[in-house]
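Trainee:
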Amino acid sequence: MNKLLSRQIARLGSEGIESLYPKLLAEISSVYDEHENELKLLEHSLVVASDELNDRLEKLNEIKKQLETNLAALAAIFEATGEAIFAFDLDGRLVRSNCMADQLAQRAGLGKKGPVTQAGLVTAIKSEEQRRVLADAIVNEPVCEQEGILELSDKHAYEFRYAPQMIGDKQVGRVWCLHDISHQKSTESIIEFQAYHDSLTCLPNRALLNIQLKRLLQLARQSDKTVSILFIDLDGLHKINDTFGHEVGDSVLISAAERINACLEVSQILARFGAAKFVVVIDQLEAEHLIKEICTNILNAFSAPFYHNTYPFQLQCTIGVSEYPFDGLTPNAILGNADLAKCFAKKHGKTVQYYTSHIKDDARERVEIEAKIRKALEEDQFELYLQPEVLCESEKIYAAEALIRWRGEDGQFIPPDRFIPIAEESGLINAISNQVLKKACGYLKQWQQHGIDNVKLSVNLSVADISDNEVVDTVIREVKAAGVPPGLLVLEVTESLLLANKDTVKNSMNQLKQFGVQFALDDFGTGYSSLSYLQDLPFSYLKVDKSFIRNLSEDRRKQALVKAIFDIAENLELIIVAEGVEDQPTYEFICNTVQTTALIQGYYCHRPMPFSACTELLLSTTVSDVN
Ligand code: C2E
Ligand code: CA
Ligand code: CA
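Residue numbering for the sequence shown follows numbering that gives the first Met the number 0, starting at 0 and increasing by one per position.
#1: Would you identify the three-state DSSP class for Gln267, choosing helix, strand or coil?
#2: Anyone know if the C-beta pair for Leu487 and Leu443 falls short of 7 Å?
#3: Between Leu233 and Leu314, how many whole angstroms is the CB-CB distance? I'm expecting something under 8 Å.
#4: Return the first residue and the last residue of the beta strand (DSSP E) that Glu146 is part of.
#5: Tell me whether Asp464, by its Cβ, gets closer than 6 Å to a heavy atom of ligand 2.
#6: Taking Asn299 as the reference, which of Glu146, Leu133 and Cys316 has the closest Cα?
#7: Any heavy atom of ligand 2 inside 6 Å of the beta-carbon of Asn506?
#8: Out of Pro415, Asn459 and Asn453, which has the shortest C-alpha to C-alpha gap to Ala401?
#9: Work out the CA separation of Val46 and Gly644 for me, nearest whole Å.
#10: With 16 as the cutoff for other CB atoms within 10 Å, does Glu516 come out buried or exposed?
#11: Residues around ligand 2, please: the ones whose beta-carbon is closer than 5 Å to some heavy atom of it, in chain order.
#12: How would you label Ser321, buried or exposed, when you count the other beta carbons within 10 angstroms and need 16 or more for buried?
#13: Out of Gln65, Gly327, Trp446 and His245, state which residue places its alpha-carbon closest to the alpha-carbon of Pro484.
#14: What residue does the beta strand (DSSP E) around Glu578 start on, and which one ends it?
#15: Going straight from the alpha carbon of Ala107 to that of Asp88, what length do you get?
#16: Which of the three DSSP states, helix, strand or coil, is assigned to Tyr31?
#17: Taking Leu202 as the reference, give the member of Ser356, Leu216, Ser254 and Phe514 with the closest Cα.
#18: What's the call for His245, buried or exposed, on a 16-neighbour Cβ count within 10 Å?
#19: Could you spell out the range, first to last residue, of the beta strand (DSSP E) harbouring Asp522?
#20: Would you mind reading off the limits of the alpha helix (DSSP H) that contains Tyr195?
#21: How would you label Glu491, buried or exposed, when you count the other beta carbons within 10 angstroms and need 16 or more for buried?
#22: Strictly by DSSP, which residues pair up with Asp88?
#23: Would you mind stating whether Val265 and Leu229 have Cβ atoms separated by less than 7 Å?
#24: Exposed or buried, which one is Gly81 when buried takes at least 16 other CB atoms within 10 Å?
#25: Can you tell me where the beta strand (DSSP E) holding Val226 begins and where it ends?
#26: To the nearest angstrom, how far is the alpha carbon of Leu56 from that of Lys63?
#27: Regarding Lys359 and ligand 3, is the C-beta to nearest heavy atom distance less than 6 Å?
#28: With Leu615 as the anchor, note down where its beta strand (DSSP E) starts and where it stops.
#29: By the 10 Å Cβ neighbour count, where 16 or more other Cβ atoms means buried, how is Phe588 classified, buried or exposed?
#30: When you compare each of Ala568, Ile574, Ala162 and Thr585 to Phe547 by their alpha carbons, which one comes out closest?
#31: According to DSSP, is Phe538 helix, strand or coil?
#32: Please classify Pro387: is it buried, with 16 or more other beta-carbons within 10 angstroms of its beta-carbon, or exposed?
#33: Could you give the DSSP three-state label for His178: helix, strand or coil?
#34: Please classify Lys411 as buried or exposed, where buried requires at least 16 other C-beta atoms within 10 Å of its C-beta.
#35: Just list the residues that DSSP pairs Trp405 with in beta bridges.
#36: Taking 6 Å as the cut-off, is the beta-carbon of Glu494 closer than that to any non-hydrogen atom of ligand 1?
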């Protein structure tokens, strides 16, 4: 029997009931058993359910913790981001914003007239068009996303993006993110400015000039207008750089640019084309008289000296002019032709030159001559003629000057004044000078073999030779190779050469002087005639330029000048050489005027002649015994 039932029967004292109603009690006992089983089952399932609930609770607590961590991280990111974030509800009221957004709102005055709203943000957009488009989109396409760049009333530029805020399918608001790109924009514009402007003068550079010119030519083409180019080159800037340093050169350049600019109207373009080169672009009607006037004004602007501290510099400029469409159809063509006109002006001592097709021919001829010089160098076409220099009074030959001669393909001589400047410009002069030096030393050697051992031979050097340290090695090498006394070689340099690169020149000259070679200052009186240079550099001879000697016997002013030059030379203990003496009166005037040794070079005594003729002359006449 069920235990609980038998305990209850015992408590009631009805133990005999079992034998009275055995069936009934068995029935009741089984009900009890059944009930107890059910209770046990119930208990068990309660235990299981409570365990499960506990598990779930634990998991929920974990999730809660995770959520709290994530939310804290999100809040931190929300605040720490460089973007201004505004969350608006569907009515455009601000629900949430981060500190960047608050700063933006304050800067742009979004919350001035009440709480910050989406409508207020849109109103602060500077561009009316953009304001309208964004406001329309918010109303008409509530779930649309937009991005782009806008400027707000705080004058800052922003990269923006807005997107709907959704819960499932339901829109609950709209989030705006704005990223301030003002700094980036200003950096970009600085970079762009630098790419298209000259850093020294802040003028447009060559790249920008090309772009502007292309555009102007296009417009001119459509409207049948002309465009004029002034190509301006400052003369003498490199001398200022060499003598006083680049800083002084730079400040002079800036002043020069300012002076040119002051001659122009705002609509006219001034660009820096290169080192000392500027370009002016004028696209106006009736430009002809205007160009003349501007050129005159620019030249006048350079007549006053430039100053560094209180030190004055004189700077000149040369202008080449070309005009679209007559002188070229592309920026390159008209710029190139204005440049050619400028070069032509320089070569012919002019200040302004308009481009003509003749100038192009001249330039083409120069290119052709350059090619011919290369060939001549390869084929050893250059010859040396010698022109004796005689002593005053005795007329004995003291020296000879080696003068280059080049016979063109047609058999005609091409004068050195025509091709030497081209060789200098193209850098071929060094090769020419090397050949001349080699030949001259070879001639000295041959004279020695003929017993002529006291006639000097002078050779002309160019600016590129003497300002290049290599000349020292070349001269020493050729003199040694020929095995002749270095004292028989005289190197002639002109004053203008000396100014260009004084320290290098002085250094090279001193080294060669020490080796034994002598120097003559050529064309004296045509350059700066700076006496301090004369004193500073190891010259032995002073050659008075032909221009002072021509018509000397008839020109009293020239006579006074020549006397003064002779005095200087004598005081500096230099031997005078008068070149270009063509007649007896001139010869006599010179010989009567000089106090010390003087040499005469000119057609009156001897014309330049081939080496063989000169050698014969030397062998047949008495030569000087002065050394
Ligand atoms: P330069 O050094 O002044 O040479 C003297 C020039 O005067 C020579 O002209 C000569 O022929 C000329 N001459 C001589 N006597 C008289 C005269 O009585 N009357 C006149 N009217 N002229 C006279 P050239 O040979 O035509 O040379 C011209 C210039 O070319 C030279 O002037 C010199 O600067 C340059 N040159 C000549 N040969 C060389 C060379 O080998 N190398 C370099 N770098 N330049 C040279
Ligand atoms: Ca000479
Ligand atoms: Ca000369």
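Backbone N, C-alpha and C define an ideal beta-carbon position, used for all residues, glycine too.
Mentor: On the basis of the data shown:
#1: coil
#2: In this structure, the beta-carbon distance from Leu487 to Leu443 falls below 7 Å.
#3: 6 Å
#4: Gln145 to Glu150
#5: no
#6: Cys316
#7: no
#8: Asn459
#9: Past the boundaries of the shown model lies residue 644; the chain is included only from 0 to 626, so the question cannot be answered.
#10: Going by the sequence as given, residue 516 is Val instead of Glu. Val516 comes out buried.
#11: Asn459, Glu491 and Asp521
#12: buried
#13: For Pro484, the nearest C-alpha among the options comes from Trp446.
#14: Ile574 to Glu578
#15: 21 Å
#16: helix
#17: Ser254
#18: So His245 counts as exposed.
#19: Gln517 to Phe523
#20: Ser181 to Tyr195
#21: buried
#22: Gly172
#23: no
#24: exposed
#25: Bounds of the beta strand (DSSP E) holding Val226 are Val226 to Asp234.
#26: 10 Å
#27: no
#28: Note on identity: in this sequence residue 615 is Glu, with Leu being the wrong assignment. First-last for Glu615: Phe610 to Ser619, but that is the alpha helix (DSSP H), not the beta strand (DSSP E).
#29: Buried, because 16 or more other Cβ atoms sit within 10 Å of the Cβ of Phe588.
#30: Thr585
#31: coil
#32: buried
#33: strand
#34: Strictly speaking, residue 411 in this sequence is Gln, with Lys absent from that position. Classification of Gln411: exposed, given that the 10 Å Cβ count is below 16.
#35: Phe381
#36: No, Cβ of Glu494 sits at least 6 Å from all heavy atoms of ligand 1.
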